[in-house]
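Take a look at the structure set out below.
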Amino acid sequence: MSAPAPTSAEEVIQAFQMLDLRLDLLEDNREIVEKEEFTGERVLEARTALLIEVQSNFLPLLRQQLADLLDSFDFRAFPETPQPNFSDVLRNISSIEPNVVNIKTFIQSLSPWKLHRIVSRIDSTHGIMKKFRCDRLLEKTVDLMCTDMHDLVEAYIKVVASQSFTIDDRDRLNELTEACYYSIDLMIGWSNRSDHEILQQKWPGALEELDTALTALVEQLRVSPRPDNNIKMIDFLELGIPHLFLTDQSESDRPSDPIKPHLRHLFTAFIPIIKLARIFYRRVMKTPANRPAFTLHEVLNSYDLERLNCEVLSLARSIKLVLDLLKGLNRTDDPASSLQDLRTYASAPAEVLYCCMATIASSFVPSAPLVERNPSENNYRVLFYQLKSDFYTATEEFHKIINRMEPLNFYNYWYTFSPQRI
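Each residue of the sequence shown is one higher than the one before, starting from 60 at the first, in my numbering.
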């Protein structure tokens, strides 16, 4: 009996393309319902068991399958030329496809419907099976398969098609495989993560946006003309921005619209608000020791958690809104309407911040005393009370500068948001 013909590169490429097609089809296609259905205890127990099964068996298996796939390309042979075993490659691809389908199907069954109008208000006692947790896990699953694994499969196709198998190819495939490992490991430990940890996944991105906005604003002020020589130079180190980083920027990266001299003081007054918002994000995410300073009460339902998430993310969006209004005021030749819009929304960041703090205060559970000498010190007060006061002061100063630019046209209701009234 003759031996089977060796597997060709074309067959491997075709198998990768079929796997890639399967990954592209793994979307969130749950049924949309108008009203939440009550989940019984037995159903919760069954779904919990399924989650544990996925975390303990299917996800670790996928991790091992990706490792075996990488090994079958023989990149460890360097500096000798690798000799990929295409038969093993094809076998590994065939084992991955049904596993990813099972993982996605099982995780989607943990929360089999999407609410059309609201998120769950009746799952406060569901623990690790709260709907927002299951929804986030499904999002992570789709991201893993439609982004991380998709990029990895495309890289494999490119390597096989080129027949190059270089060190750069090895490094690229290692990097993409490690990205898949990271996502898988995150999902494997999902049940051990608190609601607060899962909730804050998008908050670092908001903080990064504020960092970028602050850097751009300070650089824009630096290159803009000054009304006179008595204006104090901006202290870059005080703002936490390296001066060399700013001065080394290329001409194409610099702001195209210099700030008009008569608006310079207004732009400068908004810098403390951005800085304080950055401090808030750092405090709600972690301490300098990389540990959460607090967590949230376990009995919060998905609606409360999603509301807090929206409020925290809205802080960065509200600051971007005010920055856009400032830039519009700087560009316009008819500032009357732009100035009125700025007056209307100047307090938006403070309003959002106080809503966030009120929600956090209602469910705040300290992780550990923040003041070693006085363990009984109120952790919430240590984290947020002075920050709230400073934010109020900075916003009030920002309002004063706006109001000095021309006579008031309407009564200012800013007093509503003073810290004493929260």
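Heads up, the beta-carbon is just placed ideally off N, CA and C, and yes, glycines get one too. Keep in mind the model is a prediction, meaning the values are calculated, not measured.
query	result
From Glu455 to Val441, what does the alpha carbon distance come to, in whole angstroms?	23 Å
Closest to Ser422 by C-alpha separation, out of Thr107, Asn360, Asp227, would be which residue?	Asn360
Please state whether DSSP places Phe423 in a helix, a strand or coil.	strand
For Thr327, which option in Leu372, Val277, Phe339, Asn437 has the closest C-alpha, if you only look at C-alpha atoms?	Val277
Can you give me the Cβ contacts of Asn368 inside the same chain, cut-off strictly under 7 Å, excluding the 5 residues immediately before and after it?	Leu258
Should Phe443 be counted as a contact of the ligand GDP given a C-beta to heavy atom distance under 7 Å?	Absence of the ligand GDP from the depicted structure is noted, as is the absence of any ligand whatsoever, leaving it without description.
Comparing alpha-carbon positions, which option in Ile177, Arg229, Gln123, Leu121 lies nearest Gln142?	Arg229
Kindly indicate which three-state DSSP category Val282 falls into: helix, strand or coil?	helix
Quick check: the segment 209-225 against the segment 248-266, are there 3 or more CB pairs under 8 Å?	no
Nearest-angstrom Cα distance between Phe353 and Ala238?	29 Å
According to DSSP, Val92 sits in a beta bridge with which residue or residues?	Leu174
For Val282 and Phe329, which I take to be in contact (beta-carbon distance under 8 Å), what is that distance rounded to the nearest angstrom?	Going by Cβ atoms, the distance from Val282 to Phe329 rounds to 17 Å, so no, they are not a contact pair.
Since Phe353 is in the beta strand (DSSP E), which residue starts that stretch and which ends it?	353-355
Let me check understanding here. Comparing Cα to Cα, which of Val160, Asn144, Ile461, Asn116 lies closest to Leu401?	Ile461
Please name the residue in Arg323, Pro157, Ile419 whose C-alpha comes closest to that of His356.	Ile419
So, helix, strand or coil for Phe145, using DSSP?	helix
Which two residues bound the contiguous alpha helix (DSSP H) that contains Tyr444?	Element bounds for Tyr444: n/a, residue is neither H nor E.
My output table needs one value for Lys189: the three-state DSSP class, helix, strand or coil.	coil
What residue from Met77, Leu103, Ser179 has the CA that sits closest to Asp363's CA?	Ser179
For the candidate residues Ile162, Arg135, Arg376, Ala395, whose alpha-carbon lies nearest to that of Val201?	Ile162
Do you know offhand how far Phe165's Cα is from Lys217's?	31 Å
Please report the distance separating the alpha-carbon of Ile378 from that of Leu211.	37 Å
Can you check whether the CB of Ile187 is closer than 8 Å to the CB of Ser250?	yes
Quick check on the burial criterion: 16 or more other C-beta atoms within 10 angstroms. Buried or exposed for Phe97?	exposed
Check Thr236 in the structure and name its three-state DSSP category.	helix
Assuming Leu120 contacts Val148 (C-beta within less than 8 Å), just tell me the rounded distance between them.	Between Val148 and Leu120 the Cβ distance is about 18 Å, and since that is not below 8 Å, they are no contact.
For Arg195, count the other beta carbons within 10 Å of its own beta carbon; 16 or more makes it buried, fewer makes it exposed. Which is it?	buried
Let me make sure I understand the geometry here. Which of Gln114, Phe134, Arg231, Ser153 has the alpha-carbon closest to that of Arg246?	In the sequence as presented, Arg is not what sits at residue 246; that position holds Met. Of the listed residues, the one whose Cα sits closest to Met246 is Gln114.
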